[in-house]
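Heads up: the structure comes next, in structure tokens.
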């Protein structure tokens with residue numbers, strides 16, 4: 148919810164700021180016209196037309212942008228701490244915590260503040276960076292390292308990608324086939340409510356592996372022992 152609140156607050160700031168800018172440009176154009184400077188008036192009116200007052204497409208600049216990125220960084224740190232605590236809780240409950248030899252954090256769908264890059268459907272894949280790419284509930288995840296490919300914006304896909312939209316998956320995949328696909332993975336989450344997450348809804352691991360050779364070095368594919376869909 149924190150990220151949503153931040154987005155909504157700054158979207159409102161952006162919308163109001165653009166509205167104010169349009170009003171200021173109109174006043175400046177009117178003043179220029181009164182002074183007889185028609186060229187300036189026309190330029191200001193043209194500039195005003197370029198400032199589209201669409202709420203969903205409103206944007207922030209300058210100090211407003213810096214304020215947004217500052218709040219986003221706080222939210223990202225909060226999320227990172229939250230993930231750490233969840234992992235720590237699971238490891239302790241399963242008595243696996245003493246077996247951990249290394250750990251890393253791989254963020255998907257976020258703003259890379261240092262590089263001013265928005266990654267949607269993607270994760271960072273800088274040279275040598277450890278990453279994890281989920282496949283589906285049954286097939287697990289890919290462990291890999293980034294190749295730092297500039298043509299890929301130093302990024303990798305954040306998953307195998309859907310073959311079926313959520314609505315199509317619910318319409319086309321039966322509960323029986325979903326249950327059969329998950330027979331080798333212990334889970335309490337297989338039900339009609341999660342059928343849009345069934346393995347058949349996603350592209351195959353083979354297809355993904357062929358597509359990502361240029362951006363990441365595959366280390367191994369890890370298989371799930373237990374799967375839980377919140």
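In my numbering, the protein residues as written are 148 to 377. We put the beta carbon where it would ideally sit given N, CA and C, even for glycine. Quick caveat, the model's predicted, so the values are computed rather than measured.
Query: Can you tell me whether DSSP reads residue 259 as helix, strand or coil?; Result: strand
Query: Below 8 Å CB to CB, which residues in the same chain sit around residue 172 once its five sequence neighbours on both sides are set aside?; Result: 191, 192, 194, 195 and 198
Query: Could you tell me whether the segment 319-337 touches the segment 240-257, using the rule of 3 or more Cβ pairs below 8 Å?; Result: no
Query: Quick test of the definition: if touching needs 3 or more C-beta pairs under 8 Å, does the segment 222-241 touch the segment 176-188?; Result: no
Query: Determine the DSSP secondary structure at residue 209, reduced to helix, strand or coil.; Result: helix
Query: Going by the beta-carbon positions, is the gap between residue 279 and residue 272 smaller than 7 Å?; Result: no
Query: Does the pairing of the segment 353-361 with the segment 331-341 give three or more beta-carbon distances under 8 Å?; Result: no
Query: Go to residue 267, then tell me how far its beta strand (DSSP E) extends in each direction, as first and last residue.; Result: 264-271
Query: For residue 290, list the residues DSSP reports as bridge partners.; Result: 279 and 367
Query: Just verifying my parser: in three-state terms, what is the DSSP assignment at residue 244?; Result: helix
Query: What residues are listed by DSSP as bridge partners for residue 304?; Result: 269
Query: Rounded to the nearest angstrom, what separates residue 179 and residue 253 at their Cα positions?; Result: 54 Å
Query: Between residue 237 and chain C, is there a C-beta pair that is closer than 7 Å?; Result: Within the model displayed, chain C is absent; a lone protein chain is all it includes.
Query: Buried or exposed: residue 287, going by 16 or more other Cβ atoms within 10 Å of its Cβ?; Result: buried
Query: Which whole-angstrom value describes the C-beta separation of residue 117 and residue 150, a residue pair presumed to lie in contact below a C-beta threshold of 8 Å?; Result: Residue numbering for the chain in the displayed model covers 148 to 377; residue 117 lies beyond these limits and cannot be assessed.
Query: Can you tell me which of the three DSSP states residue 296 falls into?; Result: coil
Query: Among the residues of its own chain, which have a CB less than 7 Å from the CB of residue 206, if the five just before and after it don't count?; Result: 161
Query: Use the C-beta contact count for residue 363: other C-beta atoms within 10 angstroms, 16 or more gives buried, fewer gives exposed.; Result: buried
Query: Could you name the residues that DSSP lists as bridge partners for residue 236?; Result: DSSP output for residue 236 lists no bridge partner at all.
Query: How close, in whole Å, do the beta carbons of residue 164 and residue 211 come, if the pair is a contact with beta carbons under 8 Å?; Result: 6 Å
Query: Leaving out five residues before and five after residue 314 in sequence, what residues of the same chain have Cβ atoms less than 7 Å from its Cβ?; Result: none
Query: Going by Cα to Cα distance, which pick from 189, 209 and 215 is closest to residue 158?; Result: 215
Query: In the DSSP assignment, what are the bridge partners of residue 349?; Result: 309
Query: Consult DSSP for residue 341 and reduce its assignment to one of helix, strand or coil.; Result: helix
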